[in-house]
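The next block holds one structure in the form of structure tokens; read it before the comments.
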Amino acid sequence: ARVHHLKWDVKYEYKSPDCFSKLSITINGLSPGPTITATRGDTVVVEVFNGLLTENTAIHWHGIRQLGTPWSDGTEGVTQCPIQPGETFVYRFVVDREGTYMYHAHYGMQRSAGLHGMIRVLVPEGTREPFTYDGERTLVINDWWHKSTFEQATGLASSKFTWIGEPQSLLINGRGRYNCSMAGPMDVCNTTSPECSPASFVLVPGKTYRLRIASVASLSAFNLELEGHNLTIVEADGHYVRPVVVKNLNVYSGETYSVIIKADQDPSRNYWVGLNVVSRKPGTQTGTAILNYYPNHPLARPPTAPPAGPMWNDVEYRFNQSRSIVSHPEYVEPPPRTSDRLIILLNTQNKIDGYTKWAVNNVSFTLPLTPYLVAIKQGLRHVFSQKPAPETYDLKTYDIHNVSHNPNATTSNSIYRMDFGSTVDVVLQNANTLNPNNSETHPWHLHGHDFWVMGYGMGKFDPEVDPKSYNLVDPIQKNTVAVHPYGWTALRFVANNPGVWAFHCHVEAHFFMGMGVVFEEGVEKLGKLPTSIMGCGESKHR
Ligand code: C2O
Ligand code: CU
């Protein structure tokens, strides 16, 4: 196994990913940042220099479980103090499983300011995968706003609530297109800028390709379609999938996929890659890139219109596609047949003291000043609420289909503490928002573990009946999963990775508004913590 040493300089720069000039957070000048490529079993060492001048930062390695290195998870407030301007922090972790992952800022709303990228973990030479291909291409997909993340965050956190709105453009590998005639007189918007020429993926006719896809979206649920080409889904979140052929793929923020495509169309032209918003009423033009059949010009426009994707509000379509993704038969790791604990998490939108928040079982999450990992290890009990976070909600009377005002909602930094080695079931229950006839899609992401996706349902989860329909045979393991409108999603995981782990909605604005929880297990089993994660709140360098 090798050790990869990376040196990253994180700073703001003016970028025009969609032709509109805006400050973006870059890594060594790039947004998306450099793709990390390593082989299963390798160690990755990333020296992050915070050159943001006036902002803290932290970087999370999304999908990497950090077995034995919980202090490298990069979750500010949970596993470390923020990296201050001018400081360097060293992340060191092993990539223990092949697959497609991502990294991104885990501080404020910096992910959507551009601090994100892809991680590819390859199989060791000579190891076979359950599919073959001639070449590989990567797609980092994202939604993009012209307002700074400060303005966005301020609007969300104000009593005069201002929603971030729909994105101005959709980006594929950091390239999109905004209609500059809509820009203001003071804006810099230049449609001839080479920065916003579309991404182009060269394909040799007749060959087969693996596309690795990662959604770092701030808000949007995406549908990705490659004009004229079916997609065979073969990997999800680092696990092999029983191959499913689809016309287009729904990708939720925080998810990764690999799909196989064959360049078997008329080779005399190029084809569109079309990225569309689903689940929310689209207010953004289709994001496009080009599938370039060699030797056509890489930027030759396909003669057709880009794919429009499925109906944005076809929940059943997305629900069924989610359900069709199960483990590849040769790679099944069956889940424990029973669990030791059931936690039901009701996701609601609330008003708390006049502020609009998201809450889980009536608790809107806030981060403590002292990272939990340090607080728990050093026995600092007064730095976060010691009251156990609630296990369930009022299942009998709560009406998930109508607006509910939840007057008893509070904010808290309380957490869930797991018995080490226990099997935990978590059911995420969706509900109506504060707007009538509205329920959103929430992609939930768990740090430090993969969970089995035991089942999805529509309506209210019934603990007496629904577990009978769980997939105990070949559930897929993931780290991020969608909770569909008015539906529920059931997960199972084993709490066997000592550390403190965030579990939250991957919509950046939702997590910012409190849509998350924290799980702790086995911190007492850890040796001495690195002092580099300390220094804030009451965590002392000792
Ligand atoms: Cu990709 Cu805690 O997030
Ligand atoms: Cu959400």
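In mature numbering (1 follows the signal peptide of the UniProt record, and there is no 0), the protein residues as written are -1, 1 to 541.
Even for Gly, the Cβ is constructed at its ideal location relative to N, Cα and C.
Quick one: give me the first and last residue of the alpha helix (DSSP H) that residue i is part of.
| i | result |
| --- | --- |
| residue 154 | 148 to 156 |
| residue 226 | No alpha helix (DSSP H) holds residue 226; DSSP gives it neither H nor E. |
| residue 322 | 314 to 322 |
Between the options, which has its C-alpha nearest residue i's C-alpha?
| i | options | result |
| --- | --- | --- |
| residue 369 | 3, 362, 412, 36 | 412 |
| residue 524 | 109, 68, 25 | 68 |
| residue 322 | 452, 519, 110 | 452 |
| residue 343 | 388, 506, 426 | 426 |
| residue 171 | 224, 208, 405, 40 | 224 |
| residue 12 | 24, 327, 102 | 24 |
| residue 177 | 16, 502, 299, 238 | 16 |
| residue 248 | 270, 346, 155, 324 | 324 |
| residue 76 | 199, 421, 500 | 500 |
| residue 467 | 336, 93, 98, 295 | 336 |
| residue 327 | 418, 358, 295, 239 | 239 |
| residue 159 | 354, 379, 445, 532 | 354 |
| residue 265 | 137, 378, 257, 295 | 295 |
| residue 150 | 109, 10, 202 | 109 |
| residue 444 | 179, 255, 130 | 255 |
| residue 196 | 19, 479, 345 | 19 |
| residue 278 | 481, 175, 385 | 481 |
If you reduce the DSSP assignment to three classes, tell me which class residue i lands in.
| i | result |
| --- | --- |
| residue 195 | helix |
| residue 406 | coil |
| residue 424 | strand |
| residue 220 | strand |
| residue 417 | strand |
| residue 434 | coil |
| residue 162 | coil |
| residue 179 | helix |
| residue 304 | coil |
| residue 464 | coil |
| residue 23 | strand |
| residue 110 | helix |
| residue 58 | strand |
| residue 382 | helix |
| residue 118 | strand |
| residue 239 | strand |
| residue 507 | helix |
| residue 329 | helix |
| residue 357 | strand |
| residue 143 | strand |
| residue 553 | Not covered by the structure: residue 553. The range shown for the chain is -1 to 541. |
| residue 214 | strand |
| residue 365 | coil |
The beta strand (DSSP E) that contains residue i, what's its start and end?
| i | result |
| --- | --- |
| residue 344 | 340 to 351 |
| residue 520 | 515 to 520 |
| residue 88 | 87 to 93 |
| residue 12 | 2 to 14 |
| residue 48 | 42 to 49 |
| residue 376 | First-last for residue 376: 371 to 376, but that is the alpha helix (DSSP H), not the beta strand (DSSP E). |
| residue 444 | 441 to 445 |
| residue 100 | 98 to 104 |
| residue 299 | Taken as a continuous stretch (DSSP letters only), residue 299 belongs to no beta strand (DSSP E), as it is neither H nor E. |
| residue 454 | 450 to 457 |
| residue 257 | 255 to 261 |
| residue 288 | 286 to 292 |
| residue 270 | 270 to 277 |
| residue 491 | 486 to 493 |
Check the C-beta distance from residue i over to residue j and give it rounded, since I have them as a contact under 8 Å.
| i | j | result |
| --- | --- | --- |
| residue 483 | residue 432 | Contact doesn't hold; Cβ gap of about 14 Å is too wide. |
| residue 73 | residue 105 | 5 Å |
| residue 218 | residue 163 | 7 Å |
| residue 98 | residue 234 | 6 Å |
| residue 513 | residue 271 | That belief does not hold up - the Cβ atoms of residue 513 and residue 271 are roughly 39 Å apart, past 8 Å. |
| residue 318 | residue 486 | 7 Å |
| residue 283 | residue 167 | 7 Å |
| residue 211 | residue 101 | Residue 211 to residue 101, Cβ: 10 Å. No contact. |
For ligand 2, I want to know if residue i counts as a neighbour, meaning its beta carbon is within less than 7 Å of at least one of the ligand's heavy atoms.
| i | result |
| --- | --- |
| residue 543 | Residue 543 cannot be examined here, being either before or after the span of the chain that is shown, -1 to 541. |
| residue 514 | yes |
| residue 542 | Absent from the model: residue 542. The displayed extent of the chain is -1 to 541, so no value can be given. |
| residue 404 | no |
| residue 444 | no |
| residue 509 | yes |
| residue 3 | no |
Would the C-beta of residue i count as close to ligand 1, meaning under 7 Å from any of its heavy atoms?
| i | result |
| --- | --- |
| residue 74 | yes |
| residue 116 | no |
| residue 61 | yes |
| residue 103 | yes |
| residue 483 | no |
| residue 503 | yes |
Given 7 Å as the limit, tell me if residue i has its C-beta closer than that to any heavy atom belonging to ligand 4.
| i | result |
| --- | --- |
| residue 238 | As presented, the structure is devoid of ligand 4, carrying ligand 1 and ligand 2 as its sole ligands. |
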